[in-house]
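Here is the structure we will look at, set down as C-alpha coordinates.
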Amino acid sequence: MPTARCTPSAAPTGSSWSATSACSRSSRARPADPAPAPPRGARARGIPPKVRSGPRGAHATARLRGVSASPRAPGGLGAVLRDAGAEALSLLLPIRCAGCDVPDVGLCPACRDELAPRVRRGRLDAGLAVFSAREFSGVPARVLRALKEDGRTALARPLGAALAAAAEAAAGGPVEDVLVVPVPSSRAAFRRRGHEVAGLIARRGGLRPLRALRTVGAVADQRGLGRAARAQNVAGTMRARGVEGAPVLIVDDVVTTGATLREAARALTDAGARVVGAATVAATARHAR
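Heads up, the sequence shown is in UniProt numbering, so the first residue is 1 and it goes up one at a time.
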(Lines of atoms letter the chains of each structure in order from A and count residues from 1; the text may use other names and numbers.)
(Lines give C-alpha, C1' and ligand atoms only; values in the text may rest on other atoms or scores of the structure.)
Protein backbone atom coordinates (compact mmCIF):
# COMPACT_ATOMS: atom_id res chain seq x y z
CA MET A 1 0.00 0.00 0.00
CA PRO A 2 1.51 3.40 -0.95
CA THR A 3 2.59 5.60 1.88
CA ALA A 4 2.02 9.33 2.31
CA ARG A 5 4.61 11.82 3.46
CA CYS A 6 3.16 14.63 5.60
CA THR A 7 4.71 17.92 6.57
CA PRO A 8 3.22 20.23 9.19
CA SER A 9 1.85 23.58 8.12
CA ALA A 10 1.69 26.26 10.80
CA ALA A 11 -1.49 28.19 11.41
CA PRO A 12 -1.45 31.88 10.51
CA THR A 13 -0.24 34.15 13.26
CA GLY A 14 -3.03 35.15 15.57
CA SER A 15 -5.39 32.42 14.34
CA SER A 16 -7.54 30.57 16.84
CA TRP A 17 -7.28 27.40 14.78
CA SER A 18 -4.70 24.67 15.51
CA ALA A 19 -1.94 23.73 13.04
CA THR A 20 -2.91 21.50 10.09
CA SER A 21 -0.86 19.14 7.89
CA ALA A 22 -0.19 19.13 4.16
CA CYS A 23 0.50 15.70 2.61
CA SER A 24 2.33 14.77 -0.59
CA ARG A 25 1.58 11.25 -1.80
CA SER A 26 3.83 8.92 -3.80
CA SER A 27 0.90 7.30 -5.64
CA ARG A 28 -2.00 8.56 -7.71
CA ALA A 29 -4.35 6.55 -5.51
CA ARG A 30 -5.93 8.83 -2.99
CA PRO A 31 -7.03 7.19 0.23
CA ALA A 32 -10.36 8.12 1.65
CA ASP A 33 -10.27 11.02 4.08
CA PRO A 34 -10.62 9.90 7.66
CA ALA A 35 -13.86 10.74 9.36
CA PRO A 36 -13.59 14.07 11.21
CA ALA A 37 -13.29 13.82 14.94
CA PRO A 38 -16.46 14.79 16.75
CA PRO A 39 -16.36 18.36 18.10
CA ARG A 40 -15.68 18.78 21.76
CA GLY A 41 -16.05 21.50 24.34
CA ALA A 42 -17.44 24.90 23.37
CA ARG A 43 -17.59 24.10 19.64
CA ALA A 44 -19.76 21.04 20.34
CA ARG A 45 -22.26 23.36 21.99
CA GLY A 46 -22.32 25.67 18.96
CA ILE A 47 -20.24 28.45 20.54
CA PRO A 48 -17.89 30.15 18.01
CA PRO A 49 -14.17 30.52 18.76
CA LYS A 50 -13.34 33.47 20.95
CA VAL A 51 -12.04 36.52 19.10
CA ARG A 52 -10.17 39.24 20.90
CA SER A 53 -11.43 42.74 20.21
CA GLY A 54 -8.52 44.72 21.62
CA PRO A 55 -7.39 45.90 25.03
CA ARG A 56 -10.07 46.67 27.54
CA GLY A 57 -8.52 50.06 28.23
CA ALA A 58 -8.82 51.33 24.65
CA HIS A 59 -11.62 53.77 25.45
CA ALA A 60 -9.81 55.07 28.52
CA THR A 61 -6.56 55.52 26.58
CA ALA A 62 -8.38 57.29 23.77
CA ARG A 63 -10.01 59.67 26.21
CA LEU A 64 -6.64 60.58 27.71
CA ARG A 65 -5.27 61.27 24.25
CA GLY A 66 -8.20 63.47 23.31
CA VAL A 67 -9.62 61.03 20.80
CA SER A 68 -13.07 59.49 20.91
CA ALA A 69 -12.85 55.71 20.55
CA SER A 70 -16.51 55.26 19.59
CA PRO A 71 -17.31 55.26 15.84
CA ARG A 72 -20.61 56.98 16.61
CA ALA A 73 -19.09 59.74 18.73
CA PRO A 74 -18.68 63.17 17.09
CA GLY A 75 -14.90 62.80 17.31
CA GLY A 76 -14.77 59.22 15.98
CA LEU A 77 -15.12 57.43 12.65
CA GLY A 78 -18.68 58.67 12.17
CA ALA A 79 -17.50 62.27 12.32
CA VAL A 80 -14.70 61.60 9.83
CA LEU A 81 -17.10 60.02 7.32
CA ARG A 82 -19.70 62.75 7.82
CA ASP A 83 -17.10 65.50 7.33
CA ALA A 84 -15.68 63.82 4.22
CA GLY A 85 -19.14 63.47 2.68
CA ALA A 86 -20.01 67.10 3.31
CA GLU A 87 -16.67 68.24 1.90
CA ALA A 88 -17.08 66.10 -1.23
CA LEU A 89 -20.58 67.52 -1.79
CA SER A 90 -19.31 71.08 -1.49
CA LEU A 91 -16.76 70.40 -4.24
CA LEU A 92 -19.51 69.37 -6.69
CA LEU A 93 -21.45 72.61 -6.38
CA PRO A 94 -20.71 75.85 -8.29
CA ILE A 95 -18.20 77.64 -6.12
CA ARG A 96 -16.75 81.08 -5.53
CA CYS A 97 -14.01 82.24 -3.23
CA ALA A 98 -15.39 82.54 0.29
CA GLY A 99 -13.22 85.56 0.96
CA CYS A 100 -13.56 87.72 -2.17
CA ASP A 101 -16.18 86.03 -4.40
CA VAL A 102 -13.79 85.23 -7.26
CA PRO A 103 -15.35 82.39 -9.32
CA ASP A 104 -14.18 78.78 -9.68
CA VAL A 105 -12.13 78.57 -6.51
CA GLY A 106 -13.11 77.82 -2.93
CA LEU A 107 -10.45 80.07 -1.44
CA CYS A 108 -8.10 82.07 -3.64
CA PRO A 109 -4.37 82.38 -2.77
CA ALA A 110 -4.74 86.00 -1.67
CA CYS A 111 -7.55 85.18 0.75
CA ARG A 112 -5.71 82.10 1.97
CA ASP A 113 -2.84 84.40 2.91
CA GLU A 114 -5.31 86.50 4.91
CA LEU A 115 -5.88 83.44 7.12
CA ALA A 116 -2.18 83.04 7.93
CA PRO A 117 -1.97 83.08 11.73
CA ARG A 118 -0.94 86.24 13.53
CA VAL A 119 -1.57 85.01 17.03
CA ARG A 120 -2.46 87.54 19.69
CA ARG A 121 -3.29 87.07 23.33
CA GLY A 122 -6.35 88.43 25.09
CA ARG A 123 -7.76 87.87 28.55
CA LEU A 124 -11.33 87.51 29.73
CA ASP A 125 -12.67 89.13 32.87
CA ALA A 126 -12.51 85.76 34.61
CA GLY A 127 -8.74 85.66 34.02
CA LEU A 128 -8.85 83.09 31.21
CA ALA A 129 -6.12 83.70 28.61
CA VAL A 130 -7.44 83.51 25.03
CA PHE A 131 -5.14 83.19 22.01
CA SER A 132 -6.63 84.04 18.61
CA ALA A 133 -5.04 83.60 15.18
CA ARG A 134 -6.84 86.48 13.41
CA GLU A 135 -9.19 89.37 14.00
CA PHE A 136 -12.83 88.62 13.20
CA SER A 137 -13.20 91.00 10.27
CA GLY A 138 -12.69 91.03 6.52
CA VAL A 139 -11.65 87.73 4.96
CA PRO A 140 -11.45 85.65 8.18
CA ALA A 141 -14.99 86.70 9.14
CA ARG A 142 -16.38 85.94 5.68
CA VAL A 143 -14.69 82.54 5.53
CA LEU A 144 -16.00 81.56 8.97
CA ARG A 145 -19.52 82.61 7.98
CA ALA A 146 -19.29 80.59 4.75
CA LEU A 147 -18.38 77.51 6.78
CA LYS A 148 -21.05 78.00 9.43
CA GLU A 149 -23.96 79.37 7.43
CA ASP A 150 -23.37 78.00 3.91
CA GLY A 151 -22.11 74.55 4.88
CA ARG A 152 -18.79 74.93 3.04
CA THR A 153 -16.91 72.43 5.18
CA ALA A 154 -13.85 72.36 2.88
CA LEU A 155 -12.96 75.73 4.41
CA ALA A 156 -12.38 74.04 7.77
CA ARG A 157 -8.91 72.97 6.65
CA PRO A 158 -7.32 76.44 6.23
CA LEU A 159 -9.24 77.65 9.29
CA GLY A 160 -7.90 74.62 11.17
CA ALA A 161 -4.32 75.60 10.40
CA ALA A 162 -4.96 78.99 12.00
CA LEU A 163 -6.60 77.39 15.04
CA ALA A 164 -3.68 74.97 15.47
CA ALA A 165 -1.23 77.88 15.66
CA ALA A 166 -3.35 79.60 18.30
CA ALA A 167 -3.69 76.33 20.24
CA GLU A 168 0.06 75.81 20.30
CA ALA A 169 0.56 79.29 21.74
CA ALA A 170 -2.22 78.81 24.29
CA ALA A 171 -0.92 75.42 25.45
CA GLY A 172 2.46 76.90 26.34
CA GLY A 173 4.09 73.69 25.12
CA PRO A 174 3.22 70.63 23.04
CA VAL A 175 -0.51 70.50 22.37
CA GLU A 176 -0.30 66.73 22.87
CA ASP A 177 0.25 67.35 26.59
CA VAL A 178 -3.24 68.78 27.11
CA LEU A 179 -6.78 67.70 26.34
CA VAL A 180 -8.21 69.78 23.49
CA VAL A 181 -11.89 70.34 24.24
CA PRO A 182 -14.05 72.15 21.64
CA VAL A 183 -16.99 74.32 22.62
CA PRO A 184 -20.15 72.43 21.61
CA SER A 185 -22.69 73.85 19.20
CA SER A 186 -26.24 74.28 20.39
CA ARG A 187 -28.56 71.37 19.64
CA ALA A 188 -30.45 73.42 17.06
CA ALA A 189 -27.23 74.43 15.30
CA PHE A 190 -25.99 70.83 15.25
CA ARG A 191 -29.24 69.61 13.70
CA ARG A 192 -29.07 72.36 11.09
CA ARG A 193 -25.41 71.86 10.13
CA GLY A 194 -24.86 68.20 10.87
CA HIS A 195 -21.54 68.81 12.60
CA GLU A 196 -19.90 70.64 15.50
CA VAL A 197 -18.12 73.70 14.07
CA ALA A 198 -15.30 73.97 16.62
CA GLY A 199 -14.66 70.22 16.60
CA LEU A 200 -14.58 70.09 12.79
CA ILE A 201 -12.08 72.96 12.55
CA ALA A 202 -9.91 71.38 15.24
CA ARG A 203 -9.78 68.03 13.43
CA ARG A 204 -8.96 69.69 10.12
CA GLY A 205 -6.11 71.50 11.86
CA GLY A 206 -4.56 68.24 13.00
CA LEU A 207 -5.71 68.53 16.60
CA ARG A 208 -7.38 65.62 18.38
CA PRO A 209 -10.44 67.05 20.13
CA LEU A 210 -12.21 65.34 22.99
CA ARG A 211 -15.96 65.90 23.20
CA ALA A 212 -16.02 66.45 26.95
CA LEU A 213 -18.54 69.31 26.92
CA ARG A 214 -22.24 69.07 26.14
CA THR A 215 -25.07 71.56 26.19
CA VAL A 216 -28.04 71.13 28.50
CA GLY A 217 -31.25 73.04 28.04
CA ALA A 218 -32.10 75.52 25.31
CA VAL A 219 -29.64 78.15 24.09
CA ALA A 220 -30.90 81.02 21.95
CA ASP A 221 -28.96 82.29 18.93
CA GLN A 222 -26.25 84.62 20.25
CA ARG A 223 -26.26 86.89 17.21
CA GLY A 224 -27.58 90.33 17.99
CA LEU A 225 -27.32 89.88 21.76
CA GLY A 226 -25.36 92.30 23.90
CA ARG A 227 -22.70 91.39 26.43
CA ALA A 228 -25.03 90.94 29.41
CA ALA A 229 -27.66 89.10 27.35
CA ARG A 230 -25.05 86.69 25.98
CA ALA A 231 -23.79 85.87 29.46
CA GLN A 232 -27.32 85.25 30.70
CA ASN A 233 -28.18 83.17 27.63
CA VAL A 234 -25.39 80.62 28.16
CA ALA A 235 -25.17 80.62 31.97
CA GLY A 236 -25.44 77.07 33.33
CA THR A 237 -25.95 75.50 29.89
CA MET A 238 -22.84 73.29 29.76
CA ARG A 239 -21.76 70.13 31.54
CA ALA A 240 -18.38 68.37 31.35
CA ARG A 241 -17.17 64.84 32.01
CA GLY A 242 -14.05 62.70 31.69
CA VAL A 243 -11.61 65.53 32.50
CA GLU A 244 -10.99 65.23 36.23
CA GLY A 245 -7.39 66.17 37.08
CA ALA A 246 -6.46 66.82 33.43
CA PRO A 247 -5.02 69.98 31.85
CA VAL A 248 -7.56 71.24 29.32
CA LEU A 249 -7.36 73.68 26.42
CA ILE A 250 -10.70 75.05 25.18
CA VAL A 251 -11.03 75.73 21.44
CA ASP A 252 -13.72 77.60 19.52
CA ASP A 253 -14.19 79.32 16.18
CA VAL A 254 -14.52 82.92 17.41
CA VAL A 255 -14.58 84.87 20.67
CA THR A 256 -16.88 87.90 20.83
CA THR A 257 -17.85 88.87 24.38
CA GLY A 258 -16.26 85.75 25.88
CA ALA A 259 -19.50 84.55 27.49
CA THR A 260 -19.38 81.12 25.84
CA LEU A 261 -15.73 80.51 26.74
CA ARG A 262 -16.37 81.54 30.34
CA GLU A 263 -19.26 79.09 30.60
CA ALA A 264 -17.13 76.32 29.08
CA ALA A 265 -14.32 77.05 31.55
CA ARG A 266 -16.78 76.99 34.45
CA ALA A 267 -18.22 73.62 33.44
CA LEU A 268 -14.78 72.08 32.97
CA THR A 269 -13.49 73.45 36.27
CA ASP A 270 -16.56 72.11 38.07
CA ALA A 271 -15.76 68.69 36.58
CA GLY A 272 -12.25 68.79 38.06
CA ALA A 273 -10.25 69.94 35.03
CA ARG A 274 -7.39 72.42 35.11
CA VAL A 275 -8.14 74.88 32.31
CA VAL A 276 -4.84 76.19 30.91
CA GLY A 277 -6.36 78.60 28.39
CA ALA A 278 -8.43 78.95 25.25
CA ALA A 279 -7.70 79.21 21.53
CA THR A 280 -9.88 80.52 18.72
CA VAL A 281 -9.56 81.07 15.00
CA ALA A 282 -10.61 84.69 15.35
CA ALA A 283 -11.51 87.35 17.88
CA THR A 284 -13.62 90.47 17.60
CA ALA A 285 -11.79 93.78 17.76
CA ARG A 286 -12.26 94.03 21.52
CA HIS A 287 -10.34 90.80 22.13
CA ALA A 288 -7.91 90.94 19.20
CA ARG A 289 -5.74 93.67 20.68
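Each residue gets a CB set at the ideal place from its N, CA and C atoms; glycine is no exception.
For Phe131, the enclosing beta strand (DSSP E) covers residues Ala129 to Glu135.
Annotation: Ala98 to Ala146 spans about 6 Å, alpha carbon to alpha carbon.
Three or more beta-carbon pairs separated by less than 8 Å are not found between the region 104-115 and the region 246-265, which leaves the two stretches without contact.
Inclusion of Val254 and Phe136 in the CB contact set at 8 Å is warranted, their separation being smaller than that value. With a cutoff of 8 Å on beta-carbon distance, Val181 and Ala167 are scored as not near each other. For Leu124, there is no enclosing beta strand (DSSP E), as DSSP marks it with neither H nor E. Per DSSP, reduced to three states, the secondary structure at Arg239 is strand. For Gly277, the enclosing beta strand (DSSP E) has its first and last residue at Arg274 to Ala283. In this structure, the beta-carbon distance from Leu163 to Val281 falls below 8 Å.
By the Cβ neighbour-count rule, Arg211 is buried, with 16 or more other Cβ atoms within 10 Å of its own.
Per DSSP, Pro117 has no beta-bridge partner at all. Put simply, of Gly173, Val178, Val197 and Pro158 the residue whose alpha carbon is nearest the alpha carbon of Pro184 is Val197. Cα atoms of Gly173 and Ala246: separation of roughly 15 Å, rounded to the nearest angstrom. Secondary structure at Thr256: coil, using DSSP grouped into helix, strand and coil. Using a Cβ distance threshold of 8 Å, Leu155 and Val143 count as a contacting pair. Distance from the CA atom of Gly242 to the CA atom of Val102, rounded to whole angstroms, is 45 Å. Uninterrupted beta strand (DSSP E) stretches at least 3 residues long and entirely within the region 139-168 do not occur. By DSSP's assignment, Val180 forms a beta bridge with Pro209 and Leu249.
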